[in-house]
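Chemist:
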Amino acid sequence: MSGRAAGSVRSGSARADNGATTATDPARVRNVALVGPSGAGKTSLVEALLAHTSTIPRAGAVTEGSTVCDHDPAAVRQQRSVALAVAPLVHDDVKINLIDTPGYGDFVGELRAGLRAADAALFVLPADAGREGEIDPATVAQWEECAAVGTPRAVVIARCDHARADLDATTAACQEAFGAGVAPLYLPIRAADGALTGLYGLLTRTPADQAPDGADEARDALIEGIIEQSEDESLMERYLGGEELDVPTLIDDLETAVARGAFHPVVPVCASSGTGLDALLELLVGGFPSPLEHPLPRVSGVDGSPRPELTADPDGPLAAEVVRTTADAYVGRVSLVRVFSGTLRAESTVHISGHHVAVPAPRGPADDAPVATDDGHDEDERLAHLYSPLGSALREIDACVAGDICALTKLGTAETGDTVSAAADPLLLSCWDLPDPLLPVAVRARTRGDEDALVKTLARIVAADPTLRLERNRETHQTVLWCMGEAHADVVLSRLRAGGAEVDTEEVRVPLRETIARPARVTGRHVKQSGGHGQYAVCHVEFEPLPRGSGFEFVSKVVGGSVPTQFIPSVEKGIRAQLERGLTDEHHPVVDLRATLVDGKAHSVDSSDAAFQTAGALALREAAAACGTVRLEPYDEVVVRIPDDFLGAVLGDLSGRRGRVLGTEVAGPGRSTVRAEVPCTELVRYAIDLRAMTAGAATFTRRFARYDTAPG
Numbered sequence: 002m003s004g005r006a007a008g009s010v011r012s013g014s015a016r017a018d019n020g021a022t023t024a025t026d027p028a029r030v031r032n033v034a035l036v037g038p039s040g041a042g043k044t045s046l047v048e049a050l051l052a053h054t055s056t057i058p059r060a061g062a063v064t065e066g067s068t069v070c071d072h073d074p075a076a077v078r079q080q081r082s083v084a085l086a087v088a089p090l091v092h093d094d095v096k097i098n099l100i101d102t103p104g105y106g107d108f109v110g111e112l113r114a115g116l117r118a119a120d121a122a123l124f125v126l127p128a129d130a131g132r133e134g135e136i137d138p139a140t141v142a143q144w145e146e147c148a149a150v151g152t153p154r155a156v157v158i159a160r161c162d163h164a165r166a167d168l169d170a171t172t173a174a175c176q177e178a179f180g181a182g183v184a185p186l187y188l189p190i191r192a193a194d195g196a197l198t199g200l201y202g203l204l205t206r207t208p209a210d211q212a213p214d215g216a217d218e219a220r221d222a223l224i225e226g227i228i229e230q231s232e233d234e235s236l237m238e239r240y241l242g243g244e245e246l247d248v249p250t251l252i253d254d255l256e257t258a259v260a261r262g263a264f265h266p267v268v269p270v271c272a273s274s275g276t277g278l279d280a281l282l283e284l285l286v287g288g289f290p291s292p293l294e295h296p297l298p299r300v301s302g303v304d305g306s307p308r309p310e311l312t313a314d315p316d317g318p319l320a321a322e323v324v325r326t327t328a329d330a331y332v333g334r335v336s337l338v339r340v341f342s343g344t345l346r347a348e349s350t351v352h353i354s355g356h357h358v359a360v361p362a363p364r365g366p367a368d369d370a371p372v373a374t375d376d377g378h379d380e381d382e383r384l385a386h387l388y389s390p391l392g393s394a395l396r397e398i399d400a401c402v403a404g405d406i407c408a409l410t411k412l413g414t415a416e417t418g419d420t421v422s423a424a425a426d427p428l429l430l431s432c433w434d435l436p437d438p439l440l441p442v443a444v445r446a447r448t449r450g451d452e453d454a455l456v457k458t459l460a461r462i463v464a465a466d467p468t469l470r471l472e473r474n475r476e477t478h479q480t481v482l483w484c485m486g487e488a489h490a491d492v493v494l495s496r497l498r499a500g501g502a503e504v505d506t507e508e509v510r511v512p513l514r515e516t517i518a519r520p521a522r523v524t525g526r527h528v529k530q531s532g533g534h535g536q537y538a539v540c541h542v543e544f545e546p547l548p549r550g551s552g553f554e555f556v557s558k559v560v561g562g563s564v565p566t567q568f569i570p571s572v573e574k575g576i577r578a579q580l581e582r583g584l585t586d587e588h589h590p591v592v593d594l595r596a597t598l599v600d601g602k603a604h605s606v607d608s609s610d611a612a613f614q615t616a617g618a619l620a621l622r623e624a625a626a627a628c629g630t631v632r633l634e635p636y637d638e639v640v641v642r643i644p645d646d647f648l649g650a651v652l653g654d655l656s657g658r659r660g661r662v663l664g665t666e667v668a669g670p671g672r673s674t675v676r677a678e679v680p681c682t683e684l685v686r687y688a689i690d691l692r693a694m695t696a697g698a699a700t701f702t703r704r705f706a707r708y709d710t711a712p713g
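Just so we're aligned, residue 2 is where the sequence shown starts under the working numbering, counting upward by one.
1) Tell me, to the nearest whole angstrom, how far the beta carbon of P644 is from that of A688; I am working on the premise that it is less than 8 Å.
2) Which term fits T581, buried or exposed, when burial requires 16 or more other beta carbons within 10 angstroms of its beta carbon?
3) Of the residues D690, A460, R703, which one's Cα is nearest the Cα of C681?
4) What does DSSP give as the partner residues of G601 in its beta bridges?
5) Go ahead and pull the three-state DSSP assignment for W144.
6) Measuring only the C-alpha atoms, how far is A625 from V572?
7) Measuring alpha carbon to alpha carbon, tell me which of G671, G669, V33, F705 ends up nearest A677.
8) Between which two residues does the beta strand (DSSP E) carrying S354 extend?
9) Quick one: is G664 buried, meaning 16 or more other Cβ sit within 10 Å of its Cβ, or exposed?
10) Apart from the five residues just before and just after R220, which ones in its own chain have a Cβ nearer than 7 Å to its Cβ?
11) How far does the beta strand (DSSP E) with I158 in it reach, from first residue to last?
12) Cβ of V714 within 8 Å of Cβ of S291?
13) Would you mind reading off the limits of the beta strand (DSSP E) that contains T516?
14) Beta-carbon separation of G277 and P266 under 8 Å?
15) Would you call L293 buried or exposed, if buried means 16 or more other Cβ atoms sit within 10 Å of its Cβ?
16) Using the beta-carbon count (16 or more within 10 Å), is S656 buried or exposed?
17) Label C175 either buried or exposed according to how many other C-beta atoms from any shown protein chain fall within 10 Å of its C-beta, with 16 as the threshold for buried.
18) Within the chosen definition, does the segment 50-58 reach the segment 341-357 through at least 3 CB pairs nearer than 8 Å?
19) Counting only beta-carbon separations shorter than 8 Å, does L51 have a partner in chain E?
20) Is it buried or exposed for S235, if we count other Cβ within 10 angstroms and need 16 for buried?
21) Among residues of its own chain, excluding the 5 on either side of R447, which ones have a beta-carbon nearer than 7 Å to its beta-carbon?
22) Please state if the CB of V493 and the CB of L482 are separated by a distance shorter than 8 Å.
23) On the DSSP bridge assignment, give the partners of I136 in chain order.
24) With DSSP collapsed to three states, give me the class of G110.
25) Determine the closest residue to D26 out of T566, T344, R526, with distance taken between C-alpha atoms.
26) Cβ atoms of E322 and R339: under 8 Å apart, would you say?
27) Going by other Cβ atoms of all chains shown within 10 Å of its Cβ, with 16 needed for buried, is K96 buried or exposed?
28) Label H534 either buried or exposed according to how many other C-beta atoms from any shown protein chain fall within 10 Å of its C-beta, with 16 as the threshold for buried.
29) Could you spell out where the beta strand (DSSP E) holding H92 opens and where it closes?
30) In the DSSP output, what is F701 paired with across the bridge?
31) Which same chain residues end up closer than 6 Å to V511 when comparing Cβ atoms and leaving out the 5 residues on each side of it in sequence?
32) When the Cα of E508 is compared with those of A84, R445, S422, C161, which residue comes out closest?
33) Between P208 and A394, what straight-line distance do the alpha-carbon atoms span, to the nearest angstrom?
34) What does a CB cutoff of less than 6 Å around P629 pick up in its chain, not counting 5 residues either side in sequence?
35) Here's the rule: buried if 16 or more other CB atoms are within 10 angstroms of the residue's CB, otherwise exposed. What is R496?
36) Taking just the CA atoms, how far does Q143 sit from A122?
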């Protein structure tokens, strides 16, 4: 392939004495996210590419301080990457930032962060992925994540030396799962024993003396796919007329189609032997877009005022974004930053802008006050050093231009998703979509001495992980961490303990409500005469239950001044206070009833505001004793998006959770959307159960719907 970076007339990168590579021209930068399922070989591929370009001594020779892997204790225990890592290399004078993303579904937030920092995605699948005839649903969901943000994609079939490798089956499965536009760019050349020894280029027909069986048919299919995406409408007519199209024209159209996200070439690679690495590097440099070609986020002033669209111009206004935040034991907070515009320089003063986000009470009435907020922040901070990251290793650099990625240390206020801009011209980049965490985990400090460490560590972890939501529930008095799934929760707990906080988990308690069972007319009587100034208040109140969601109503029908006007609000205040305290030993708030004050008595000397408040509260307790109470539990409206193959299982499971299915709709080819109302007590582990039930292919959302009668 030709190089897309060839249009630049100046050198695109330079290597410092410490081995760090800095880019000087956005046209000669490629930011590529490696996406794919756990175990596909993404990290091994990154190491092989680093070794192949002499960035590290050899593949597998990674040690602490130069690793491209994530060294979170939970990641080691689970034998999977749980966070994105950046590994830069240089090929053909082009700097390629490889962004290794986690493959497990719980860490989709890290995947989206990687896609935000990248301009293209390399989808990595193991060579045995198609032996069962189809790509697993979780992998298809990852492909859809990339498609949703319009990321150009290519497919790498890795681990071609695996005993169960089947390139043909895997390529066919990719075409079936990912749709039109997926086509092999190379075919494997094998030895007599079946070992992969090289690649045959379908467009260039090289090497000509080693064309595998079926090469002509595969080349015809590839050319037809390229022509379908070409902007030159005459190509198809010329091709069908028997004209031999020249290779440079086909390569140019291929590059354009890949950059546009309409064509997805497939390249087989064997990381252990190095076969296919040169072809892959050529694709990364020549086929993937540079930052100049990729749309940039919208930008505004910190006050929301409109600003001109950004371009990847090193001399433009500074606009960068923190895509990941970590804590290093030696250097403190490390912020991984993608520079979209301008140039970030060491020893300069920058402005850190954060979005204001109000998080409503997630499992309560819509009119409840928020339980958590990110109040946003606008702070100026002075940078000391800039670094080029190679996994967890940091190599100092002087500047980072538009389109490149760097690391900043010791930014006191910077959180994931924050904007870094010039102090003299503060900016705010538009938010990127993040999934809603749906698995609650209640934690408590093991001892009183652990409480301070828990608070500090939680603040640091929440700042680093935007997919984690912290809720301090006012009713249950629990600290609840809303996580993406079981693996995510395990990582969060591991990080808490690593931060010095010994914590225990406990059962998540769901806030309940109560109401009275039937109408009642009662008397609240508070009379005390103990010599001197006494207390006297009598009120006759009719209580009646209201429809669910009605709240509380207070009505006065007092006539003749039996309850003085100034004390009528006192009765209401007393009833409302008792509503909050509840009517049983469990102290659930009381809702959905009407209180009508119909009569009462007062004393000219001993009646007071406090006396009538007490009488009102006593009246409500009398009503509960006379007619009984009904316990209410919260229901959420749940929307589940699933492949049709799992529709029956999901519907049956929702029914087993006492859910009421509201409807089922078609959500696209082979997919359905199910809407249901389900008790919140039945949804505590739904994120885990749904993933197990659908092989990770389903997603769901939930929001508060109403309270309704709970079973006895």
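Backbone N, C-alpha and C define an ideal beta-carbon position, used for all residues, glycine too.
Modeler: Per the coordinate set shown:
1) Incorrect: roughly 17 Å between the Cβ atoms, too far for contact.
2) Per the sequence shown, the amino acid found at residue 581 is Glu instead of Thr. Classification of E581: exposed, given that the 10 Å Cβ count is below 16.
3) R703
4) C540
5) helix
6) 17 Å
7) F705
8) 350-355
9) exposed
10) L203
11) 154-159
12) Because residue 714 is not part of the residues shown, which for the chain are 2 to 713, the question remains open.
13) 514-517
14) no
15) buried
16) exposed
17) buried
18) no
19) Protein chains in the displayed structure number just one, and chain E is not present.
20) exposed
21) E503, V504, D505
22) yes
23) Looking at the DSSP assignment, I136 forms no beta bridge with any residue, so it has no partner.
24) helix
25) T344
26) yes
27) buried
28) exposed
29) 86-92
30) V641
31) C681, T682
32) R445
33) 40 Å
34) Reading off the sequence shown, one finds Gly at residue 629, where the question assumed Pro. Excluding sequence neighbours, G629 sits near A518.
35) buried
36) 11 Å
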